[in-house]
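Read through the structure below, which is laid out as structure tokens, and then see the notes.
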Amino acid sequence: MSSRADTHTQPQPQGQREDESAPPLYVDLDGTLISSDMLWESLCQLARGRPASVLRIPGWLARGRAVLKRRVAEQVRPDVSALPYRPEVLAYLEAQRRSGRRVVLATASDDSLAREIADHLGLFDDAFGSDGAENAKGHAKLRSIRAREGDGPFEYLGDSAADLAIWRASAAATLVAPAARTARAAEQLGVPTRTLLARPGRLGPAVRGLRAYQWVKNALLFAPLVLAQEFGDAERLVRVGLAFVAFCCVASATYLLNDLLDIEADRRHPRKRKRPFAAGTLPIPLGAGLSLSLLIAGFGVSAAFAGPGSTAMLGGYLALTVGYSFYFKEQLFLDVLILAGLYTLRVLAGGVAADVPVSPWLLAFSLFFFLSLAFVKRYAELLSVQATQGDRLERRGYEVGDLGLVETMGTAAGYLSVLVLALYVNGAAATGLYHNATLLWAVCPVMLYWITRIWFLARRGSMQDDPVLFAATDRVSYLAGGVIALVGVVAALR
Numbered sequence: 003m004s005s006r007a008d009t010h011t012q013p014q015p016q017g018q019r020e021d022e023s024a025p026p027l028y029v030d031l032d033g034t035l036i037s038s039d040m041l042w043e044s045l046c047q048l049a050r051g052r053p054a055s056v057l058r059i060p061g062w063l064a065r066g067r068a069v070l071k072r073r074v075a076e077q078v079r080p081d082v083s084a085l086p087y088r089p090e091v092l093a094y095l096e097a098q099r100r101s102g103r104r105v106v107l108a109t110a111s112d113d114s115l116a117r118e119i120a121d122h123l124g125l126f127d128d129a130f131g132s133d134g135a136e137n138a139k140g141h142a143k144l145r146s147i148r149a150r151e152g153d154g155p156f157e158y159l160g161d162s163a164a165d166l167a168i169w170r171a172s173a174a175a176t177l178v179a180p181a182a183r184t185a186r187a188a189e190q191l192g193v194p195t196r197t198l199l200a201r202p203g204r205l206g207p208a209v210r211g212l213r214a215y216q217w218v219k220n221a222l223l224f225a226p227l228v229l230a231q232e233f234g235d236a237e238r239l240v241r242v243g244l245a246f247v248a249f250c251c252v253a254s255a256t257y258l259l260n261d262l263l264d265i266e267a268d269r270r271h272p273r274k275r276k277r278p279f280a281a282g283t284l285p286i287p288l289g290a291g292l293s294l295s296l297l298i299a300g301f302g303v304s305a306a307f308a309g310p311g312s313t314a315m316l317g318g319y320l321a322l323t324v325g326y327s328f329y330f331k332e333q334l335f336l337d338v339l340i341l342a343g344l345y346t347l348r349v350l351a352g353g354v355a356a357d358v359p360v361s362p363w364l365l366a367f368s369l370f371f372f373l374s375l376a377f378v379k380r381y382a383e384l385l386s387v388q389a390t391q392g393d394r395l396e397r398r399g400y401e402v403g404d405l406g407l408v409e410t411m412g413t414a415a416g417y418l419s420v421l422v423l424a425l426y427v428n429g430a431a432a433t434g435l436y437h438n439a440t441l442l443w444a445v446c447p448v449m450l451y452w453i454t455r456i457w458f459l460a461r462r463g464s465m466q467d468d469p470v471l472f473a474a475t476d477r478v479s480y481l482a483g484g485v486i487a488l489v490g491v492v493a494a495l496r
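So the sequence shown is numbered by the numbering used here: it starts at 3 and just counts up by one.
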């Protein structure tokens, strides 16, 4: 991805004539100049900022794609400085401009966006796009080019099968990241053809978009089975395992949805800008289709094998995560409460799948413990904003001035979780389940140490955005987990 906020072609010196030996260069936008698509980008922004307007899309589309593009452009304006411009294409255009060649941006995106992008880059002599009445694609775009060039020669940079009609009439066809079928068809047109950039693979970005490393969080589904000491029951273990698969599918679907809604915010983040949608390495329609397929697969597995109760819990998880992506993410404190609730819901879902009662002590511990970790996540993000001299989190309800309060509430929630654990160990619930329940007191100082260390690391700026994922790669966390597991096993022995 390349952002050309500072790239502007210098005016040609007076008296320098345009290179008349090279025909004018017409450049497509979607998939060519940028690796994304402006209509899909705008629709994602519309869904995030004005979700009610999404209901009007069928009516706009019924009047034609040009009308749809114009109406969406009137509703939202993507940040053109942050688009995933192709550096190879930009370098080629800069070289052509230096030679004095005339360069025109010709796109099927709305004309207002085309001119805004052209003004931002400073690489084009002119720009045009769909005018709200006619969709400037294929033959319609060719007519617009002929209106400017007459029967004169021109070169065209494009990427899709819709550009074949334009390449057929051009003096030279330059292909940018074309599909194999499109490249073969272009070579048969009888015009000089070359490929400026090969199409990158889609499998790698699609796999990265799933965020499979986040599946470790779904291991919480096994917690009720393990803590109830029923993990030797093969039937229950299989049901929880299938529920785990279903949750992983739905979780990846919601991560894809979240990334679609956060494209612009991710592009302004030092690490998230590399996510597939933000970087333009995964097409938005492909990602949306993958998300829908994962939802169908997840609920299909749950309904077929995990039972109606587990499926209902999965539906609750989906509702909370979608609500978080669209609304709660931007609400002060509600966002971390929802995040903590999602962890606790996994615990409940595991109990439902295993048909094991979930202790209120476990739910209370989970709520405070994961609330503390959610505050760690926000604290780390705020430190990152502070380091870049910003004042608030993008699409969040927090400001840098809230750092102290976030730290206080987060540490307090963490210590409250240890207090809940201590009260559980001292009560009848523990003695009824563990033969040597007194040994469980050893878990409390380990938990105090781990929570305190996490917050010290966060305060020093050593914590990544997600403390759960940090713990999954942290040797000290593995050691603490091993000690806790060993204490639990010994306490359960008779």
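Just so it is clear, CB atoms sit at the ideal spot from N, CA and C, and this is done for glycine as well.
Remember, predicted model here, so these are calculated numbers, not experimental data.
Cβ-based burial, residue i [other Cβ within 10 Å; buried from 16]
i, result
"H141", "exposed"
"V91", "buried"
"N438", "exposed"
"I265", "buried"
"T410", "exposed"
"A7", "Per-residue confidence for A7 stands at a pLDDT of 38, beneath the threshold of 50, marking its modelled position as unreliable; the derived number appears in the next sentence. Exposed, because fewer than 16 other Cβ atoms sit within 10 Å of the Cβ of A7."
"V74", "buried"
"V56", "exposed"
"E237", "exposed"
"D121", "exposed"
"R100", "exposed"
"P469", "buried"
"S172", "buried"
"G406", "exposed"
"Y28", "buried"
Where residue i falls: helix, strand or coil (DSSP)
i, result
"A174", "strand"
"V106", "strand"
"G101", "The displayed chain sequence assigns Ser, not Gly, to residue 101. If DSSP states are grouped into helix, strand and coil, S101 belongs with coil."
"D261", "helix"
"T34", "coil"
"T346", "helix"
"V360", "coil"
"G160", "strand"
"T433", "helix"
"R79", "coil"
"S132", "strand"
"Y480", "helix"
"E396", "coil"
"V29", "strand"
CB-CB length for residue i against residue j, believed under 8 Å
i, j, result
"G134", "A68", "6 Å"
"F130", "D113", "6 Å"
"V338", "L350", "Not quite, the Cβ-Cβ distance comes to about 19 Å (not below 8 Å), so this is no contact."
"P287", "W42", "6 Å"
"L125", "V105", "6 Å"
"G416", "S374", "3 Å"
"V420", "L442", "The pair is not a contact, with the Cβ atoms about 12 Å apart (cut-off 8 Å)."
"Y436", "A366", "That pair is no contact at about 18 Å."
"A108", "K143", "6 Å"
"P207", "P278", "4 Å"
"R213", "L284", "Rounded, the Cβ-Cβ distance is 12 Å, inconsistent with contact."
"E189", "A174", "Incorrect: roughly 13 Å between the Cβ atoms, too far for contact."
Short Cβ contact (8 Å threshold) for residue i with residue j
i, j, result
"A248", "L316", "yes"
"V218", "A474", "yes"
"E332", "R397", "yes"
"G412", "V378", "yes"
"F372", "Y345", "yes"
"S162", "K71", "no"
"V489", "A431", "no"
"L336", "S293", "no"
"R88", "S44", "no"
"M40", "P80", "yes"
"V485", "V448", "yes"
"A84", "R270", "yes"
Close beta carbons around residue i, own chain, < 7 Å, minus the five adjacent residues each side
i, result
"G318", "L347"
"V242", "L223, F224, L227, G352, A355 and A356"
"A299", "C251"
"E401", "D393 and R394"
"A376", "V338, L341 and A342"
"A382", "A460, M465, Q466 and D467"
"A164", "K139 and G140"
"Q77", "L48, R52 and S55"
Same chain, Cβ closer than 8 Å to residue i, five either side skipped, listed in chain order
i, result
"R19", "The predicted model places R19 with a pLDDT of 39, which falls under 50 and marks its position as unreliable; any figure quoted below should be read in that light. The answer, listed in chain order, is G102."
"L198", "E90, V91, Y94, L159, T176, L177 and V178"
"F233", "F224, L227 and L239"
"N137", "G66, R67, A68, K71 and A110"
Same chain only: Cβ atoms within 6 Å of residue i, ignoring 5 sequence neighbours per side
i, result
"L385", "G463"
Contact with chain D by residue i, beta-carbon distance below 8 Å
i, result
"L384", "No chain D appears in the structure shown, which is made up of a single protein chain."
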